[in-house]
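Asks: Structure in structure tokens, see below.
There are 2 protein chains.
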Amino acid sequence: MSRRRVTLADLAQAAGVSRTTASLVMTGRARELRISHDVEQRVLRAADELGYRPNAVSVGLRTGTSRTIGFVSDTVATSRLAGDMIKGALEAARERGVMLFIGETEGDPELERGLLHAMHDRQVDGLILAAMYTRTIKVPKDVGGPAVLLNALPKTPSDLPSIVPDEVEAGRAAARVLLDAGHRDGIYTIGAGPALRNVPPQSVAAVERLVGIREVLGEAGVKIAGGRMCVDWLPELGFAATADLLKKHRPKALICLNDRVALGAYQALGDVGLDVPGDVSVVSFDDHPIASWIRPKLTTVALPYYELGRKAVEVLFAQMGEEAKPGEVHRVAMPVMHRDSVATRS
Amino acid sequence: MSRRRVTLADLAQAAGVSRTTASLVMTGRARELRISHDVEQRVLRAADELGYRPNAVSVGLRTGTSRTIGFVSDTVATSRLAGDMIKGALEAARERGVMLFIGETEGDPELERGLLHAMHDRQVDGLILAAMYTRTIKVPKDVGGPAVLLNALPKTPSDLPSIVPDEVEAGRAAARVLLDAGHRDGIYTIGAGPALRNVPPQSVAAVERLVGIREVLGEAGVKIAGGRMCVDWLPELGFAATADLLKKHRPKALICLNDRVALGAYQALGDVGLDVPGDVSVVSFDDHPIASWIRPKLTTVALPYYELGRKAVEVLFAQMGEEAKPGEVHRVAMPVMHRDSVATRS
DNA sequence: TCCCTTTGCTAAATCGGATTAGCGATGCGA
DNA sequence: TCGCATCGCTAATCCGATTTAGCAAAGGGA
Numbered sequence: 001m002s003r004r005r006v007t008l009a010d011l012a013q014a015a016g017v018s019r020t021t022a023s024l025v026m027t028g029r030a031r032e033l034r035i036s037h038d039v040e041q042r043v044l045r046a047a048d049e050l051g052y053r054p055n056a057v058s059v060g061l062r063t064g065t066s067r068t069i070g071f072v073s074d075t076v077a078t079s080r081l082a083g084d085m086i087k088g089a090l091e092a093a094r095e096r097g098v099m100l101f102i103g104e105t106e107g108d109p110e111l112e113r114g115l116l117h118a119m120h121d122r123q124v125d126g127l128i129l130a131a132m133y134t135r136t137i138k139v140p141k142d143v144g145g146p147a148v149l150l151n152a153l154p155k156t157p158s159d160l161p162s163i164v165p166d167e168v169e170a171g172r173a174a175a176r177v178l179l180d181a182g183h184r185d186g187i188y189t190i191g192a193g194p195a196l197r198n199v200p201p202q203s204v205a206a207v208e209r210l211v212g213i214r215e216v217l218g219e220a221g222v223k224i225a226g227g228r229m230c231v232d233w234l235p236e237l238g239f240a241a242t243a244d245l246l247k248k249h250r251p252k253a254l255i256c257l258n259d260r261v262a263l264g265a266y267q268a269l270g271d272v273g274l275d276v277p278g279d280v281s282v283v284s285f286d287d288h289p290i291a292s293w294i295r296p297k298l299t300t301v302a303l304p305y306y307e308l309g310r311k312a313v314e315v316l317f318a319q320m321g322e323e324a325k326p327g328e329v330h331r332v333a334m335p336v337m338h339r340d341s342v343a344t345r346s
Numbered sequence: 001m002s003r004r005r006v007t008l009a010d011l012a013q014a015a016g017v018s019r020t021t022a023s024l025v026m027t028g029r030a031r032e033l034r035i036s037h038d039v040e041q042r043v044l045r046a047a048d049e050l051g052y053r054p055n056a057v058s059v060g061l062r063t064g065t066s067r068t069i070g071f072v073s074d075t076v077a078t079s080r081l082a083g084d085m086i087k088g089a090l091e092a093a094r095e096r097g098v099m100l101f102i103g104e105t106e107g108d109p110e111l112e113r114g115l116l117h118a119m120h121d122r123q124v125d126g127l128i129l130a131a132m133y134t135r136t137i138k139v140p141k142d143v144g145g146p147a148v149l150l151n152a153l154p155k156t157p158s159d160l161p162s163i164v165p166d167e168v169e170a171g172r173a174a175a176r177v178l179l180d181a182g183h184r185d186g187i188y189t190i191g192a193g194p195a196l197r198n199v200p201p202q203s204v205a206a207v208e209r210l211v212g213i214r215e216v217l218g219e220a221g222v223k224i225a226g227g228r229m230c231v232d233w234l235p236e237l238g239f240a241a242t243a244d245l246l247k248k249h250r251p252k253a254l255i256c257l258n259d260r261v262a263l264g265a266y267q268a269l270g271d272v273g274l275d276v277p278g279d280v281s282v283v284s285f286d287d288h289p290i291a292s293w294i295r296p297k298l299t300t301v302a303l304p305y306y307e308l309g310r311k312a313v314e315v316l317f318a319q320m321g322e323e324a325k326p327g328e329v330h331r332v333a334m335p336v337m338h339r340d341s342v343a344t345r346s
């Protein structure tokens, strides 16, 4: 604060060379432009002594690049679930010496336009357009420059690459967890299903998870015994759905479409005296923090938020380096977190 | 992307005036510098037609200001709990036309230095230094320019203002909740206490909450019956602490030092067949999402993350406007979320 | 009619670097 | 000794705005 920043001019003067020479040395082009080793060392030493750091704003103006990317989301930054997405992006960005602008649109197109403008005004090198829940989004038309979709797919065909969790494979994995444990019957779904049409509106995850589940179960000749849909995946609705199911059925296993629904299911099972996993096995999706807080700890297929964030930055950089196929969809694996809610049936 | 941005020069040419005049009009100094109303309108119209937006990088270079602030945290951006802090800061920043750089230090001083450098290189107008858990932090010495501490207090005396939740008052509020419900005895604390020395290390919240609790209870002539400390506030440790307590005591009310501890307490109470709130009332702190997911819904004193974030930006702006007392500590009220875990005793 | 003020606008410098074009000195061959 | 290439470095321009200083024309008073 107190004393002025050291500029290239200061550095040049201290080293007794021209600004050009100083710049050449500092940008590593000394060899190329035939600066003597002697002078190079002199500049380097002066830079070190003065603590010279190039002003990024100036560099930005001259080169048109800012070593900055914008992270625009509907409300992901605040979502307790998806903060890891930011963290992943942040770390991948840092590794590349790039900073992150964060912005939230609250789903308001007007706000979104303003944000994109503000970011372009600051000459961001690229944009990450993220969604809190996996869904299709309308790609704003004024995305000038490289951009990727994170946890989202374009509503209408677009050249932008997407990074999404591999929900179908996650569905397969969840089904395999039950099959591997010997479950063949009494399997119910909570949150969506049993049919593909029984899904909450707008939910990509519901459809894809169900597809994977049905595929693997079907191949094994196992039929889903039934299910209950929830319009929103909240504990209370999961509770209600499960309680309703239990009025007529005695499930052996529950595939909950996410962990919050599973929490509700735990409560409903507890109310009628059913033990998890003794009486009923439960698998779920998301790996929300509560999954390892409730008892018994919940076996769940994790949403790889951190990896999604990293991947977004990686793909964005590939995009900026022109080495990307347009419209490519990158699916990130969802790992199974084996815990204590599934029992082996003989 | 395709076509070049509209620059001031383009605008000037389109309006048939000099760049100076165009700049004057666009920065609202037309009146002041005696530009005719006619010319002003001409420039404004051209700007509108061309969609002119000043290049923030250029403005930044010229004026030395970037309309950008840096949000540096240990790991708050990823913390599921404190994402709201960012959201609050984000919105307050947006209202002021300012963008947010986000960075995480992971507690690594080397990373922190690098981040602060990167931010200063980009000429941030101010800095928010945030912590995930309320604690004292070592203020980096190269904080050039305005800065505030968020959810943190300076380890050594500092001129920087701090924004922290009002934990003492929160402790008082929690105690009052029980007193108002008629509780006079059988009150135990879980997570810390009963004495002020029984606190997990490093925790500002534990000490202050306990101070508030003891103060109000003491004034009412009510004695804390006992308590159990947890070295970390996790559900499992809360469970263990409560289970241990229940071996020897039959509490009427539990003050859990945070919601995760309370979750563990619920589980332990359930195991011995005690009903919440029928047998035991529970109050807690944080208003973590699970507080409204567990049954019965937990009465808890909320951490005002969103407000903290907003406040940080407000104080930072006051700081930049020089209208701030150095070293001031701003305490943000923690509201009580009345739910279903406290029963009235006659 | 002359001089001074006011009006309305612009030329030029500036911010801090990157980059292009080129200049003087030296070395070498003929 | 001359001409030319190479070496080592620098002057000047540019990026896109803001800002200072000042110019030309019109208006007003004596």
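Line by line, the protein sequences give chains A and B.
For the first sequence, full-length UniProt numbering begins at 1 and goes up steadily by one.
For the second sequence, full-length UniProt numbering begins at 1 and goes up steadily by one.
Where a beta carbon is used, it is the ideal one built from N, C-alpha and C, also for glycine.
No experiment lies behind these values; they were computed from the predicted model shown.
1. Hey, out of A/A220, A/D244 and A/R29, whose CA is closest to A/M229's CA?
2. Rank B/M99, B/A14, B/D38 and B/D84 by C-alpha distance to the C-alpha of B/P304 and give the top, closest one.
3. Considering A/E104, what are the terminal residues of the alpha helix (DSSP H) in which it resides?
4. At which residue ranges does the region 32-87 of chain A contain complete beta strand (DSSP E) runs of 3 or more residues, listed in the order of the chain?
5. How far does the beta strand (DSSP E) with A/H330 in it extend, from its first residue to its last?
6. Hey, could you find the ends of the alpha helix (DSSP H) B/R260 is sitting in?
7. Need the endpoints of the alpha helix (DSSP H) that A/G171 sits in, please.
8. Quick one: what's got a C-beta closer than 8 angstroms to A/V199's C-beta in the same chain, skipping five residues either side?
9. Name the DSSP beta bridge partners of A/M337, please?
10. Determine whether the Cβ of A/M1 lies closer than 8 angstroms to any Cβ atom of chain B.
11. If distances are taken between C-alpha atoms only, which option among B/G309, B/L217 and B/G144 comes closest to B/M320?
12. Does DSSP put B/T27 in a helix, in a strand, or in coil?
13. Would you say B/M99 faces chain A, with C-beta separation under 8 angstroms as the test?
14. Going by other Cβ atoms of all chains shown within 10 Å of its Cβ, with 16 needed for buried, is B/D287 buried or exposed?
15. Based on DSSP bridge pairs, tell me the residues matched to B/V147.
16. Around the C-beta of B/K155, are 16 or more other C-beta atoms found within 10 angstroms, so that it is buried, or is it exposed?
17. I need the DSSP call for B/I213, collapsed to helix, strand or coil.
18. Roughly how many whole angstroms lie between the Cα atoms of A/L298 and A/R331?
19. Report yes if the CB atom of B/A268 is closer than 8 angstroms to the CB atom of B/C256, and no otherwise.
20. Nearest by alpha-carbon distance to A/V164: which of A/F317, A/K311, A/A15 and A/A14 is it?
21. Suppose the cutoff is 8 angstroms on Cβ atoms and the five residues either side in sequence are ignored; what does the same chain contact list for A/T136 look like?
22. Name the residues in the region 187-217 of chain A whose C-beta lies less than 8 angstroms from a C-beta of chain B; which are they?
23. In the region 283-316 of chain A, which residues sit with their C-beta less than 7 angstroms from some C-beta in chain B, listed in chain order?
24. Which stretch, first to last residue, makes up the beta strand (DSSP E) that contains B/G191?
25. Below 7 angstroms between beta carbons is the criterion; list the residues of the region 228-249 of chain A that meet it against any residue of chain B, in chain order.
26. Only counting the same chain, and skipping five residues up and downstream in sequence, which positions put a Cβ closer than 6 angstroms to that of A/L149?
27. Can you list, in chain order, the residues of its chain whose CB lies under 7 angstroms from that of A/V272, leaving out five sequence neighbours each side?
28. Use the C-beta contact count for B/D38: other C-beta atoms within 10 angstroms, 16 or more gives buried, fewer gives exposed.
29. Measuring only between beta-carbons, confirm whether A/D108 sits less than 8 angstroms from chain B.
30. What are the complete beta strand (DSSP E) segments, minimum 3 residues, inside the region 228-260 of chain B?
31. Mind listing which residues of the region 45-69 of chain B have their C-beta closer than 8 angstroms to chain A's C-betas, in chain order?
32. Residues of chain B with CB closer than 9 angstroms to the CB of A/L263, please, in chain order.
33. Step through the CB atoms of chain B and report whether any lies within less than 8 angstroms of the CB of A/L90.
34. Going straight from the alpha carbon of B/T236 to that of B/N258, what length do you get?
35. Would you call A/T63 buried or exposed, if buried means 16 or more other Cβ atoms sit within 10 Å of its Cβ?
36. Taking the straight line between their C-alpha atoms, what separation do you get for A/I102 and A/D279?
Replies: According to the structure shown:
1. A/D244
2. B/D84
3. Run containing A/E104: none in the alpha helix (DSSP H); it sits in the beta strand (DSSP E), M99 to E104.
4. 68-73
5. V329 to V332
6. D259 to D271
7. E167 to D180
8. A192, G193, A206, V207, L210 and M229
9. A/T300
10. In this prediction, A/M1 scores a pLDDT of 41, lower than 50, which makes its location untrustworthy; no coordinate-derived value is stated.
11. B/G144
12. coil
13. yes
14. buried
15. Contrary to the premise, residue 147 of chain B reads as Ala rather than Val in this sequence. In the DSSP output, where bridge partners are listed per residue, B/A147 has B/L127.
16. exposed
17. helix
18. 24 angstroms
19. no
20. A/K311
21. A152, L153, P154, K155 and V204
22. none
23. P289, I290, W293 and R295
24. I187 to G191
25. P235
26. L129, L160 and S162
27. L246
28. exposed
29. no
30. 253-256
31. R53, P54, N55, A56, V57, S58, G60, L61, S66 and T68
32. I290, W293 and I294
33. yes
34. First, the residue type needs correcting, since residue 236 of chain B is Glu and not Thr in the sequence shown. Approximately 13 angstroms, taken between the alpha carbons.
35. exposed
36. 47 angstroms
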